[in-house]
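Okay, so here's the structure we're looking at.
Protein chains: 4
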Amino acid sequence: MPKTKEQCEEIKEKMKNRILESSIEYFAKNGYSGTKITQLAKYIGIGQGTLYIYFANKEELFTEIMKKLNSQNENGLENLVKVKMDSESKIKLISESMVENIKNKSIIAYSFALNIRMVQEQSADNQFTRSYENIPVKALRDIILQGQQEGSVIEGDPYKLSDYYWSVVHTLALININSNENQTLEVNWLNRILLKDK
Amino acid sequence: MPKTKEQCEEIKEKMKNRILESSIEYFAKNGYSGTKITQLAKYIGIGQGTLYIYFANKEELFTEIMKKLNSQNENGLENLVKVKMDSESKIKLISESMVENIKNKSIIAYSFALNIRMVQEQSADNQFTRSYENIPVKALRDIILQGQQEGSVIEGDPYKLSDYYWSVVHTLALININSNENQTLEVNWLNRILLKDK
Amino acid sequence: MPKTKEQCEEIKEKMKNRILESSIEYFAKNGYSGTKITQLAKYIGIGQGTLYIYFANKEELFTEIMKKLNSQNENGLENLVKVKMDSESKIKLISESMVENIKNKSIIAYSFALNIRMVQEQSADNQFTRSYENIPVKALRDIILQGQQEGSVIEGDPYKLSDYYWSVVHTLALININSNENQTLEVNWLNRILLKDK
Amino acid sequence: MPKTKEQCEEIKEKMKNRILESSIEYFAKNGYSGTKITQLAKYIGIGQGTLYIYFANKEELFTEIMKKLNSQNENGLENLVKVKMDSESKIKLISESMVENIKNKSIIAYSFALNIRMVQEQSADNQFTRSYENIPVKALRDIILQGQQEGSVIEGDPYKLSDYYWSVVHTLALININSNENQTLEVNWLNRILLKDK
DNA sequence: CATGAATGAGTATTCATTCAT
DNA sequence: TATGAATGAATACTCATTCAT
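Top to bottom, those sequences are chains R, F, D and A.
The numbering used here applies: residue 172 is where the first sequence begins, and numbers increase by one.
The numbering used here applies: residue 172 is where the second sequence begins, and numbers increase by one.
The numbering used here applies: residue 172 is where the third sequence begins, and numbers increase by one.
The numbering used here applies: residue 172 is where the fourth sequence begins, and numbers increase by one.
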């Protein structure tokens with residue numbers, strides 16, 4: 172029984188997502204050069220050939236992963252900025268959320284680990300190094316700015332502070348993803364990066 | 172016989188060191204899988220064959236680099252612990268020294284960048300993941316302990332705090348090594364990881 | 172799934188055999204060190220990569236060849252020993268069969284040529300040097316023993332005579348495999364190694 | 172104190188001979204491709220560079236070895252032909268001499284082992300395959316011819332019988348050179364290749 | 001002359017990509 | 001479509017030869 176075009180598209184879309192999802196974890200753990208297509212396919216549970224039906228080559232697969240990740244991270248934060256709430260609470264919310272993500276090795280944690288890897292791969296056009304243009308950096312910058320006016324956040328260039336905050340979050344994600352035991356990680360550590368002691 | 176045995180040994184030792192030194196930078200920038208022997212040899216300015224006179228294979232070269240780096244990092248810190256000085260000053264000294272190292276892209280900065288990479292390479296016996304046994308982690312733990320008694324350092328497990336401090340330092344090194352522009356980096360950021368606000 | 176598992180296994184087995192078969196000739200002609208993988212692959216008519224799907228490396232390929240050959244040689248002879256027939260006839264049968272094999276450059280001839288090479292390669296576990304344990308040596312020893320009782324075979328240690336007989340057969344095979352012209356070779360020469368003149 | 176030209180030449184000649192002598196053994200044991208210059212030099216007890224003072228390259232060294240060997244083997248046999256003595260005695264003398272050479276692993280034994288190797292290396296211009304032109308083959312042919320007239324030697328083409336006799340001698344040499352234990356080897360075996368039973 | 005460290009052409013091996021089934 | 005065996009370009013490693021000392 173031939174399927175309708177829509178059904179067909181849907182099935183394709185599902186497979187593509189399955190590949191992307193699984194690849195994130197594998198790339199995050201092994202890096203770009205360290206990821207071998209044969210092993211990746213085995214890890215996903217498909218034949219190598221199948222990968223090439225959905226993605227032109229290894230690089231395209233990787234690029235699509237990065238795109239997917241970046242778009243996912245951004246939504247929540249952008250909304251948080253607009254909410255009426257004091258900066259301190261926003262920062263605490265973000266930190267809690269990040270610690271949660273990292274501890275659960277969520278897809279966002281993998282995305283952070285991968286971002287660190289991107290710093291290392293020479294591919295010139297990686298998102299993380301151009302971080303000032305990143306939406307999370309921008310969003311946090313706005314929150315920091317608000318917090319400095321409210322007196323809860325330490326002094327300093329808000330852009331750089333934001334960048335620094337995210338760097339730390341990324342590292343902690345990387346370390347947790349790559350170590351077998353669950354690494355300790357305190358919400359307070361993250362908060363203190365930006366918030367003054369009382 | 173053209174040279175005495177001593178001279179000969181000396182020359183060999185020099186070459187080995189030259190290879191190690193240059194390889195650190197290359198591996199730190201490109202990672203293990205990303206480092207190709209042909210390119211590495213060209214970067215060092217020697218033939219590929221020469222590498223194999225001094226190191227059995229790529230992996231051994233990498234391992235020897237890690238050994239060398241770890242032994243280098245440890246000396247200064249061990250001594251600092253023994254000095255009579257309040258903990259706060261010690262931490263400030265360490266932070267200043269680390270910021271300096273990172274900004275100047277010193278060999279220690281490269282060593283940190285490489286250590287982060289080691290977390291990623293599966294090679295079971297990497298130093299950084301077994302960080303509680305590392306001398307820098309131990310040394311800083313002692314200083315933190317002292318600081319908590321003196322009231323200058325925030326509460327928390329000294330081992331984990333030390334581990335966290337070094338994680339941040341490592342990432343900042345990695346980011347600075349791998350980005351072309353000089354990344355901003357404030358001594359105060361590092362200090363606040365451990366020290367209470369006044 | 173394009174093929175059943177059984178078909179797949181069968182195809183793989185065929186390819187492995189094709190590689191083994193062709194490699195025997197190539198190794199026999201060129202020796203271990205003299206055989207270059209690129210040329211061997213071209214000779215077989217496959218890509219170099221394909222070789223590495225079936226064999227971990229050059230040495231494993233060579234070892235598997237030797238295993239295959241040794242098992243092949245042994246069957247016919249073992250049976251001959253059990254047959255009711257006077258020793259002289261058995262020896263004449265063996266000699267005729269060997270001359271035939273060598274003249275036709277059969278797979279057995281290649282196996283002999285390779286065996287001589289094995290004597291030379293240092294690899295400790297070669298079959299030919301441990302020849303007293305070889306089935307052909309043992310089988311012929313039994314025939315010689317029988318012949319000495321029947322009075323048709325010359326005096327001497329049956330083991331050593333057997334070993335000597337096979338040495339000659341091996342060399343003649345080697346020489347014929349490696350020379351372009353067909354070398355002369357008389358059945359009578361082989362017979363007289365063991366059989367008394369009438 | 173500068174030496175006279177003659178002394179200088181003499182020293183050079185001595186070194187060249189030392190290299191040739193030692194190389195024979197090494198090549199005989201390891202073959203052409205299997206012989207690595209670095210190891211050969213170590214075996215001889217000189218630097219690799221020194222080899223290249225006396226021989227243009229590996230191949231020339233090998234060729235010179237073969238030349239040296241062939242000229243050495245030939246003298247004794249040529250003379251034997253001319254001696255007044257019945258063929259049977261001559262053959263027995265040769266066989267005894269060969270057995271002796273092989274058992275003692277004399278230079279001639281090495282030369283035989285090397286000759287077998289030459290059959291295997293593709294180099295088109297090897298002496299052993301063009302054996303009908305070899306002096307030992309020719310010399311023995313004459314002795315066989317004489318023996319056939321005297322009735323002591325079996326029937327058959329004297330050239331081919333001679334060739335066959337030497338093939339056997341060569342193999343036995345090869346096997347003895349390459350095995351650690353001393354292989355058994357009976358003079359009578361060699362004699363019976365050519366001589367009729369009484 | 002003698003040396004052995006340095007070299008790079010040559011070889012073994014890996015891995016992204018293709019393609020017949 | 002999905003597969004995984006086959007491929008060969010890219011990469012790690014070896015070894016004959018050179019050359020500064």
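Glycine is no exception: its CB is placed at the ideal position from the N, C-alpha and C atoms.
Note that the structure is predicted; figures quoted are calculated from it, not measured.
According to DSSP, which residues form a beta bridge with residue i?
i	result
Leu-366 (chain A)	A:Val-324
Between residue i and the rest of its own chain, which residues show a CB-CB distance below 7 Å, the 5 nearest in sequence each way excluded?
i	result
Asn-272 (chain A)	Ile-279, Ala-280
Phe-198 (chain A)	Thr-206, Phe-233, Ile-236, Leu-285
Ser-294 (chain D)	Residue confidence for Ser-294 (chain D) is low, a pLDDT of 46 falling below 50, so the modelled location carries little weight; the figure read from the coordinates is stated next. Cβ neighbours of Ser-294 (chain D) beyond the five flanking positions: none.
Ser-266 (chain F)	Val-358, Leu-361, Asn-362
Leu-211 (chain A)	Ser-194, Tyr-197
Leu-146 (chain F)	Not covered by the structure: residue 146 (chain F). The range shown for chain F is 172 to 369.
Lys-187 (chain A)	Tyr-225
Leu-366 (chain R)	Glu-259, Ile-262, Ser-323, Val-324
His-341 (chain A)	Phe-283, Asn-286, Ile-287
Leu-218 (chain D)	The residue asked about is misnamed: residue 218 (chain D) is Gly in this sequence, not Leu. Contacts found: Ala-212.
Ser-333 (chain R)	Val-308, Leu-311, Arg-312, Ile-315
For residue i, I'd like the list of residues in its chain whose CB is within less than 6 Å of its CB, leaving aside the five on either flank, ordered along the chain.
i	result
Pro-329 (chain R)	Arg-312, Ile-315, Leu-316
Leu-264 (chain D)	none
Gly-202 (chain A)	Arg-288
Ala-344 (chain D)	Ile-273, Ala-280, Phe-283, Ala-284
Glu-230 (chain A)	none
For residue i, report the span of its alpha helix (DSSP H) as first-last.
i	result
Tyr-330 (chain F)	329 to 349
Ser-193 (chain A)	176 to 201
Ile-215 (chain A)	208 to 215
Report all residues from its chain with a CB closer than 8 Å to the CB of residue i; omit the five preceding and five following residues, and keep chain order.
i	result
Glu-321 (chain R)	Asp-257, Ser-258, Glu-259
Val-254 (chain D)	Lys-261
Gln-353 (chain A)	One detail in the question is off: residue 353 (chain A) reads as Asn in this sequence, not Gln. Same-chain partners within the cutoff: Lys-274, Asn-347.
Asn-244 (chain F)	Ile-279, Ser-282, Ile-306, Pro-307
Tyr-335 (chain A)	Ile-364
Lys-276 (chain A)	Asn-347, Ile-348
Ala-227 (chain F)	none
Leu-356 (chain R)	Val-270, Ile-273, Lys-274, Leu-343, Asn-347
Ser-268 (chain D)	Gly-247
* Identify every run of the alpha helix (DSSP H) within the segment 225 to 303 of chain F, keeping only runs that are complete inside it and at least 4 residues long; order them along the chain. => Segments of the alpha helix (DSSP H) lying fully in the segment 225 to 303 of chain F: 229 to 253, 258 to 274, 278 to 291.
* Asked: Using a beta-carbon distance cut-off of less than 9 Å, what residues from the segment 250 to 279 of chain R approach chain F?
  -> So the list is empty, because no residue satisfies the distance condition.
* Interface residues of the segment 198 to 214 of chain A facing chain D [CB-CB below 7 Å] -> Against chain D - using a Cβ distance shorter than 7 Å - the residues of the segment 198 to 214 of chain A are Gly-202, Ser-204, Gly-205.
* **the segment 331 to 343 of chain D: positions lying closer than 9 Å to chain A by Cβ** => Listed by position, the residues of the segment 331 to 343 of chain D near chain A (Cβ gap below 9 Å) are Lys-331, Leu-332, Asp-334, Tyr-335, Ser-338, Val-339, His-341, Thr-342, Leu-343.
* Asked: Taking a cut of 7 Å between CB atoms, which residues from the segment 358 to 369 of chain D lie near chain A?
  -> Trp-360, Arg-363, Lys-367, Asp-368
* **Contacting positions in the segment 314 to 328 of chain R - beta carbon closer than 8 Å to chain F** => Ile-325, Gly-327, Asp-328
* Asked: Using a beta-carbon distance cut-off of less than 7 Å, what residues from the segment 223 to 245 of chain A approach chain D?
  -> Those would be none; no residue qualifies.
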